[in-house]
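Structure first, commentary second.
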Amino acid sequence: MTTHPNVIDVPVKGSDQVVTIDCSDLPEDPRDFCAVLSGEEADAKYWIKLAFEYRHIGLVNQAIDILQDGLRSRTVQRENNHRYLLHSFLAALCIQKSREAATGMGKQIDGSNELTKDSWHRQAMTALNDAARLKPLTTSSTLSRGVLAILSSEKSDSYDEANKQFENALRENSLNLFAIAGKARVLFARKNYKLALVHYQKLLRLRPTMVPDPRLGIGLCYWHLDMKAEAQLAWERAVELDSSNTQGAVLLGLYWIAHAFDNVSDERTFEQSYSRGIKLISDAYKKEALPLAGIVLASYMFSRKKMDALQRILQQVLIMAEVPNIRADALFWLARGQHFVESFEQAGAFYALAKQTDPNSLVVSMAIGQMQLVKKDITDAKLTFESILEKHPRCIEALSVLGSIYAHEALDASFKGDKVTHRIKAKACLDKAITLTTDHKQRVLLDPSLHFTRAMLSDDDPVATKIKILQQAADIQLENGSSSSPEILNNMAVVHQANGAFDIAREMYQKAIEECIQCAKDEPEAETDIKIATMTYNLGRLEEHSGNTEAAREIFKGLLKPYPDYVEPAARIAYLDYLDSKVDQSLTDIKDLIDVDSGNVEVRALYGWMLNKQKKNKSLNFNDDPERRHFNHTLKYVDNYERYSLVSLGNFYLKLAREIRADSDAGANERHKHYDMAIKFFERALHYDAKNAYAAQGLAIAFAEHKQYQKAIHIFSKVRESLRDESIFINMGHCFCELHQYSRAIENYETALTTFHQNGQDLYLFLCLGRAWLSRGRDEKNVDHIKEALRYAKMARTESPENTSLVFNVAFIQFQLADILRNTPELKRTVSDLEEAAIDLEEAIRTFTTLGEHKQPPYPRADILQRATMGRNTTTKQLERAVAQQKEYESKNTAKVAEARAKRQAEQDARDAAIREAQQAELVKQEALAQKRKEMLEQARSWAEKRHQEDEERMAKEHEKAAQRKEKKSKVKKQQGEYESDEQDEDPATSSKKASGKARKKRTLRRPKKARAESESETEAKQQSSDSDAQSDTGTQKPSKKRKLTKKYISNEFIDSDEDVEMQDELENEEQGQQYANEAMISEKEIDTGNDNVPNNTSQSADNVPISGDNAPSTNQADAGAGSILLTDQRDHLSAQETPGISVNGVQ
1 MTTHPNVIDV PVKGSDQVVT IDCSDLPEDP RDFCAVLSGE EADAKYWIKL AFEYRHIGLV
61 NQAIDILQDG LRSRTVQREN NHRYLLHSFL AALCIQKSRE AATGMGKQID GSNELTKDSW
121 HRQAMTALND AARLKPLTTS STLSRGVLAI LSSEKSDSYD EANKQFENAL RENSLNLFAI
181 AGKARVLFAR KNYKLALVHY QKLLRLRPTM VPDPRLGIGL CYWHLDMKAE AQLAWERAVE
241 LDSSNTQGAV LLGLYWIAHA FDNVSDERTF EQSYSRGIKL ISDAYKKEAL PLAGIVLASY
301 MFSRKKMDAL QRILQQVLIM AEVPNIRADA LFWLARGQHF VESFEQAGAF YALAKQTDPN
361 SLVVSMAIGQ MQLVKKDITD AKLTFESILE KHPRCIEALS VLGSIYAHEA LDASFKGDKV
421 THRIKAKACL DKAITLTTDH KQRVLLDPSL HFTRAMLSDD DPVATKIKIL QQAADIQLEN
481 GSSSSPEILN NMAVVHQANG AFDIAREMYQ KAIEECIQCA KDEPEAETDI KIATMTYNLG
541 RLEEHSGNTE AAREIFKGLL KPYPDYVEPA ARIAYLDYLD SKVDQSLTDI KDLIDVDSGN
601 VEVRALYGWM LNKQKKNKSL NFNDDPERRH FNHTLKYVDN YERYSLVSLG NFYLKLAREI
661 RADSDAGANE RHKHYDMAIK FFERALHYDA KNAYAAQGLA IAFAEHKQYQ KAIHIFSKVR
721 ESLRDESIFI NMGHCFCELH QYSRAIENYE TALTTFHQNG QDLYLFLCLG RAWLSRGRDE
781 KNVDHIKEAL RYAKMARTES PENTSLVFNV AFIQFQLADI LRNTPELKRT VSDLEEAAID
841 LEEAIRTFTT LGEHKQPPYP RADILQRATM GRNTTTKQLE RAVAQQKEYE SKNTAKVAEA
901 RAKRQAEQDA RDAAIREAQQ AELVKQEALA QKRKEMLEQA RSWAEKRHQE DEERMAKEHE
961 KAAQRKEKKS KVKKQQGEYE SDEQDEDPAT SSKKASGKAR KKRTLRRPKK ARAESESETE
1021 AKQQSSDSDA QSDTGTQKPS KKRKLTKKYI SNEFIDSDED VEMQDELENE EQGQQYANEA
1081 MISEKEIDTG NDNVPNNTSQ SADNVPISGD NAPSTNQADA GAGSILLTDQ RDHLSAQETP
1141 GISVNGVQ
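Here the UniProt record's numbering is used: the first residue of the sequence shown is 1, the next is one more, and so on.
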């Protein structure tokens, strides 16, 4: 066969001639050529050559048909040696077609009948299997299997299979470029970017002009290794070498887009980088519709709100995309487009497909949760965001959305669930989101709305915490280049208003209104007007709250002029009219407002409150009561879970039950029935709002009113565990009062006062404490308790001097005090008590007279005046008689009392005298003991001096003997001379001890052991002094066993006189015997501890005697040891008793 680049010469069967096929102009239909090859029974290589030429001009389908016809020809079927080549070539062409084919989803979109990627993959695998049966383990088949495994990456073990195939190819040839590229691709997919980079760089060194360019892989590895500058250089070089490299252009465009978002705070840099990136990707997409470029352009079209272009691009992406992540992104952007145009059904379908394609996609999960919120499917939305946080606990968006959901439910009055738990979850999510955004390197993620929502949940937080949260939101806005928003200022004003800082709140409201006016040009006029109206209304509530009712009224009226349908200001005006006693007018106005806005539960609650304040028509059946009918209508037609209505109805039935007299069975049953109704309503309110303190109190009060005080206290105790509210302690105090456990009632009242009121001032608690003390005093007939009640009543009156009820309470207790003292036995009262009570009684009478003339007396005017008259005409005279009786009683019993007091005084004087005598005797005894100790110390000192003198005499004798021995040995040799020198250096004290020891062995009369112990101290001191003198004379150092020899010598001391024995016997009879140290040291501290009752003026000094050689004085500091230091200090200490100004350490 003779061939040239554009010709195929096919031999004619049975002839030397050839059939020439011109490849420069191949027809689209190759069936004629196939017939020629089949008829001439051409070998496999001709079929392969023809298929290659068709593939070369882009007719891949025709090339596949040629190979399939060749495989069916008889000649090829007989040639097993070359048939595997056709199968391998066919597999490669199928793989190529799979890259160009649509996915199964793409086929559904465009409706074409062409094979999908999966179909081509199956055909390629079939061809490879056929080739392997003919000739296994060929390089081409191995590489094709590896590529096919990568293209089937949706399978879990696909990359393992691909890695295996490429490893096999590299074992055959370590420089196989395709195997190296495949290995790098597998490593990159496994996120082993460093090793993948090594392979891509090796590939670049072996073939710099390889297609596809290895620089693309190198740049991707650099990108994932956070070396973006290096990635940029690699991609720029790839595009520079080949301007048609669309993949490199897309990657470079993605780099510039990422660079734009990294510099989002710099508007100019962002705009330039983003525009450059979009241009690169757009130009590349025009040359080749790469799926990745289509995704980026789709997001750009979405930002430009060009939904038609977005849908057109994404459909093309779905047709061509091979990677599941890209298909999921395409479905996600399709869903967002449908979401934007409010086609929620189609958006939900696309979101579901995206989730099915890529279950781990975070953005798809977030979008599904948002779609569920749009559909009001709150339960599923919470589950979705909670599942997101399980996988991504630091996802700021999921935390923010989930926290907002929980916050909305916790603040929703109609929510039936556990609001306490939802509030806790909302706080946790929002706090974590705020922390993450604050710590994030890109501060642009900070969102003031998070702080707004968090501030709404801060009812239970301290005021400082609320202000801090709102101030953080204001700081974020300032950081973003804008001033504090009106919303922030308004919310901060609300917090200050609730805290009683009216001036600060007023200033912030006014500033918020000014900010709204300034922002009016940037917002719709209607929205700005609503904000201004709301903040103006809040300002009016502030004035109302601070007591400026006229200013509040003017503000509310000013709001009604531009907004006549604004219900809330009109309701507040009606309320202010009610306070001004314009009851009928206010009721009419509120009723008209209900007709205008029947669903406004706040207005309905205010109307119910006014109805409750009205005087009840006792002849009217309770079913026809206006208050009951109003609240029932609210629950039945407006809001079945309205808490104020539930609690109000509970209070209504509670009050109704109180008014029924249980003096008959019918009355008792009716009363019990009403109590049951009250409990039912309170329990419903607690079911919808577990923190409703009023409902909890009402439930317990219902039991208390039903005389079930223990059950009521039990409920209050349970509520107190979850709700830390002063009302719980107050009501528990009420229950204890009913049980006559006044001390426990007072304890609860005082707990509420000290725990919930930092200044310890609260009018209501003063009243409760006054009532409890009064009841306790009357029950125990205790005047002191009545005085305590009067004290609390006066404290309550101080809190509100104009309150006539409080003034009445003080006068009433003063009357009670007068009555109690009047009936108290003479023995338990005094004239001064009665006279003080008389003064208080006069004050009470004047108070009652004044209250009786008041225009609004706290009690019926006649009753007050009657009590004043009774006090003036009766009680005063009774108290005067009591004073006279008390004076007479005290005058008659003055002598007896004086005699008893004198007798008691005499007895007390006698006891005091006996105590003084005992103390004096003890003092004399101690002085005697101290004198004896002093005498003992003097005796010990004399013994020590005597011993010192004897030691000096002995040492003199020893020196004399040593001199004699020296003379006898003067003629000895040098060695004997050295021995003599050593003998001369011997310590004289040692010799003295040896000599004296022999003498003492002959003595038979010995002192008692303890007497010897007394003398050992002075002997030791004297011996130490002698040793010191001897050392100073001879220049020798004290032997190491000096103390032991001294002790042995002293232990053989004898008794000089009988007086010493008597002194020793006295010491043995003391409470604690004197313990002396082994060094025979006498310390005054040890003597003092012999009797704990002996006073010693020098014990404090004795405690300071040093016991270490560093601080103690010594005659020879370099030579001082522990024993010598103690003895030296002891001598100084003993002399300090006689010489003032000398300390125990010998320092003046």
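Where a beta carbon is used, it is the ideal one built from N, C-alpha and C, also for glycine.
No experiment lies behind these values; they were computed from the predicted model shown.
Subject >> Every unbroken beta strand (DSSP E) within the segment 845-885, with a cutoff of 3 residues, ordered by chain >> reply: none
Original post:
T847 to Y792, Cα distance in whole Å?
Top reply: 17 Å
**OP:** Using 10 angstroms around the beta-carbon of S839, count the other beta-carbons present and answer buried if the total reaches 16, otherwise exposed.
**Re:** Going by the sequence as given, residue 839 is Ile instead of Ser. Exposed: under 16 other Cβ atoms inside 10 Å.
Original post:
What is the DSSP secondary structure of P30, counted as helix, strand or coil?
Top reply: coil
**OP:** Closer than 7 Å by C-beta to Y54: which residues in its own chain qualify, once you throw out the five before and the five after it? Chain order, please.
**Re:** L26, P30, Q62, A63 and I66
**OP:** Closer than 8 Å by C-beta to Q885: which residues in its own chain qualify, once you throw out the five before and the five after it? Chain order, please.
**Re:** E826
Subject >> Nearest candidate by alpha-carbon position, reference T869, set E345, F302, E842 and F502 >> reply: E842
Original post:
Can you tell which of H422, L478 and S484 has its C-alpha closest to the C-alpha of R454?
Top reply: H422
**OP:** Counting only runs of 4+ residues fully inside the segment 580-606, write out the alpha helix (DSSP H) ranges in chain order.
**Re:** 583-596
**OP:** Look at the alpha carbon of Q497 and the alpha carbon of G403, and state the distance between them as a whole number of angstroms.
**Re:** 27 Å
**OP:** State the CB to CB distance for the pair residue 1206 and H630, rounded to an integer number of angstroms; the pair is presumed to be in contact (CB under 8 Å).
**Re:** In the structure displayed, the chain extends from 1 to 1148; residue 1206 sits before or after that span and is not available.
**OP:** Taking only the alpha-carbon atoms, compute the straight-line gap between E527 and D226 and give it to the nearest angstrom.
**Re:** 46 Å
Subject >> Simplified DSSP state of V18, which is helix, strand or coil >> reply: strand
Original post:
Considering V7, what are the terminal residues of the beta strand (DSSP E) in which it resides?
Top reply: V7 to P11
Subject >> K781 to I820 span [Cα, whole Å] >> reply: 7 Å
Original post:
Which runs of the alpha helix (DSSP H) fall wholly inside the segment 398-426 and span at least 4 residues, in chain order?
Top reply: none
Original post:
Looking only at C-alpha atoms, which of M535, D592 and C735 sits nearest to Y709?
Top reply: C735
Subject >> As assigned by DSSP and simplified to three states, the class of T116 >> reply: strand
Original post:
In the structure shown, what three-state DSSP assignment does I257 receive?
Top reply: helix
Subject >> Cβ neighbours of E1018 in the same chain (closer than 7 Å, five flanking residues each side left out) >> reply: Bear in mind that the predicted position of E1018 carries a pLDDT of just 46, short of 50, making it unreliable; the figure below should be weighed with that in mind. These residues qualify, in order along the chain: A940, R941, W943, A944 and R947.
Subject >> Cβ pair I150, A162 closer than 9 Å >> reply: yes
Original post:
Out of curiosity, what's the CA-to-CA distance linking K531 and Q472?
Top reply: 22 Å
Original post:
For T357, does the count of other Cβ atoms within 10 angstroms reach 16, so buried, or fall short, so exposed?
Top reply: buried
Original post:
On the premise that L699 lies in contact with I679, defined as a C-beta separation below 8 Å, what is that separation, rounded to the nearest angstrom?
Top reply: 6 Å
Original post:
For the alpha helix (DSSP H) that contains Q201, what are its first and last residues?
Top reply: Y193 to L206
**OP:** Could you name the residues of the same chain whose beta carbon sits closer than 7 Å to that of I368, not counting the 5 residues immediately before and after it, in chain order?
**Re:** Y351, K355 and T384
**OP:** Flag T453 as yes when its Cβ comes closer than 8 Å to any non-hydrogen atom of the ligand NAD, and as no otherwise.
**Re:** For the structure depicted, the ligand NAD is absent and the ligand set is empty, with no information on it obtainable.
Subject >> Closest by C-alpha distance to K787, when choosing among T798, E799, Q741 and L769 >> reply: L769
**OP:** Go through its chain and collect everything with a Cβ distance to N548's Cβ below 8 Å, but skip five positions before and after it.
**Re:** none
Original post:
Anyone know if the C-beta pair for Q697 and N731 falls short of 9 Å?
Top reply: yes
**OP:** Identify, in the order they occur along the chain, each residue of the same chain with its Cβ nearer than 7 Å to the Cβ of Y537, setting aside the five sequence neighbours on each side.
**Re:** L559, E568 and P569
Original post:
If we count Cβ pairs, one from each stretch, closer than 8 Å, do we get three or more for the segment 848-864 versus the segment 795-802?
Top reply: no
Original post:
If we ignore side chains and look at the alpha-carbon of each, how far apart do S174 and Q311 end up?
Top reply: 47 Å
Subject >> Continuous alpha helix (DSSP H) assignments of at least 4 residues falling wholly in the segment 356-387 >> reply: 362-374
Original post:
How long is the line joining the alpha carbons of I48 and P291, rounded to whole angstroms?
Top reply: 33 Å
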